[in-house]
Amino acid sequence: MALETILIFIPACFALNMAFGPNNLLSMTVGARYGMATAVMAASGRLVAFAGMIAIAALGLGALLMASEMMFSLIKWIGVLYLLWIGFKLIRSRADVTAPDVSSGNGNVLKTYLRQEFFVASGNPKAILIFTAFFPQFIQQDAYWQSFATLGAIFLLLEVVAITVYAFVGSRLSGLMRNARALKRVNRISGSMMMAFGVMLAFARRPA
Numbered sequence: 070m071a072l073e074t075i076l077i078f079i080p081a082c083f084a085l086n087m088a089f090g091p092n093n094l095l096s097m098t099v100g101a102r103y104g105m106a107t108a109v110m111a112a113s114g115r116l117v118a119f120a121g122m123i124a125i126a127a128l129g130l131g132a133l134l135m136a137s138e139m140m141f142s143l144i145k146w147i148g149v150l151y152l153l154w155i156g157f158k159l160i161r162s163r164a165d166v167t168a169p170d171v172s173s174g175n176g177n178v179l180k181t182y183l184r185q186e187f188f189v190a191s192g193n194p195k196a197i198l199i200f201t202a203f204f205p206q207f208i209q210q211d212a213y214w215q216s217f218a219t220l221g222a223i224f225l226l227l228e229v230v231a232i233t234v235y236a237f238v239g240s241r242l243s244g245l246m247r248n249a250r251a252l253k254r255v256n257r258i259s260g261s262m263m264m265a266f267g268v269m270l271a272f273a274r275r276p277a
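Put into C-alpha cells, the structure is as follows:
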C-alpha cells in the first residue's frame with residue numbers, strides 16, 4: 070500500500086476507534102470497577118470479534134450481509150436486546166465495593182467481561198459497516214489481500230490504543246468504586262447509557 074494512503078487512513082480510522090460507543094463505555098466501566106489491567110484484558114474479546122468481522126468483510130461476505138435487510142435486522146436486534154440486558158443488569162446490580170482479585174485465580178469477572186466485550190462488538194452492525202464501507206475506500210485493488218490485512222492490522226492496533234485510553238480513564242475513577250453510594254450511581258449511569266446505546270442502535274437503518 071502507498072504510504073500516503075496509510076497516512077490518510079490512520080487518523081480517520083483512529084477517530085472511529087476513539088468514538089464513545091458501548092464497547093468503550095464497557096472498558097471505562099470495567100477499568101473503574103476492577104482496574105486498568107482487567108479492562109484491557111477483557112477487551113481482547115472485542116478484538117477477537119473485530120478480527121472475525123474483518124475476515125468476513127475481506128471474503129466479501131460482509132457486503133452480502135449488509136445487503137440483506139433480514140440479516141441486518143437480525144444482527145441489529147440481537148445487539149439491541151443484548152445492550153438493553155447489560156444496561157438493566159448494571160442498573161439493578163448491588164453496590165459491592167469489594168472487588169475480587171482477578172489476578173489471584175478468580176477469573177469469573179474476567180470471563181464475564183470477555184464475553185460481554187465479544188458479544189457487544191459482534192451485535193453491532195455498524196462495525197460490519199466500517200469494514201465493508203470504510204475500508205474499501207483505501208483498498209489497493211491490485212494488492213487486495215495485502216491491503217485488507219494491512220488496514221485490519223492498523224485498525225486492531227488503534228483499537229488497542231483506544232481500549233487503553235478508556236481503561237485508564239476508568240481506572241482514575243476507581244476511588245468512587247470504594248463508596249457504595251457512589252458505586253450505585255456509577256452503575257445506574259453506566260447502565261442507563263448502555264440502554265441508550267441500545268435504543269439508538271434500534272433506530273439504525275441498513276445503508277441504501
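Numbered per the numbering used here, the sequence shown spans residues 70 to 277.
Ideal Cβ positions, reconstructed from N, Cα and C, are used throughout, including at glycine.
Residue i, buried or exposed, once every other Cβ within 10 Å from all chains shown has been counted against 16
| i | result |
| --- | --- |
| E186 | buried |
| Y182 | buried |
| K158 | exposed |
| M263 | buried |
| K145 | buried |
| L128 | exposed |
| V152 | Checking the sequence, you will find Leu at residue 152 rather than Val. When all chains shown are included, L152 counts as buried. |
| N92 | buried |
| R184 | exposed |
| N177 | exposed |
| Y103 | buried |
| R115 | buried |
| V99 | buried |
| A212 | exposed |
| A112 | buried |
| I272 | A quick correction: the sequence has Phe, not Ile, at residue 272. The residue is exposed, with fewer than 16 neighbouring Cβ atoms inside 10 Å. |
| L179 | buried |
| L220 | buried |
| G121 | exposed |
| L143 | exposed |
| L94 | buried |
| A84 | exposed |
Whole-number beta carbon distance between residue j and residue i, since they are thought to touch under 8 Å
| i | j | result |
| --- | --- | --- |
| V149 | L270 | 5 Å |
| A108 | S96 | 5 Å |
| F200 | I123 | 5 Å |
| A101 | S243 | 6 Å |
| I197 | A118 | No, I197 and A118 are not in contact; Cβ-Cβ is about 11 Å, not under 8 Å. |
| R257 | I160 | 5 Å |
| M70 | Q210 | About 11 Å; that fails the 8 Å criterion. |
| S261 | G192 | That belief does not hold up - the Cβ atoms of S261 and G192 are roughly 19 Å apart, past 8 Å. |
| F266 | T74 | Contact doesn't hold; Cβ gap of about 32 Å is too wide. |
| P194 | F141 | 6 Å |
- request: Say whether the stretch 75-89 touches the stretch 214-224, bearing in mind that this needs 3 or more beta-carbon pairs closer than 8 Å, one atom from each stretch.
  value: yes
field: Complete alpha helix (DSSP H) runs within the stretch 90-120 (minimum length 4 residues, chain order)
entry: 91-103, 105-111
- prompt: So does the stretch 225-240 actually touch the stretch 103-120, counting three or more Cβ pairs closer than 8 Å?
  reply: yes
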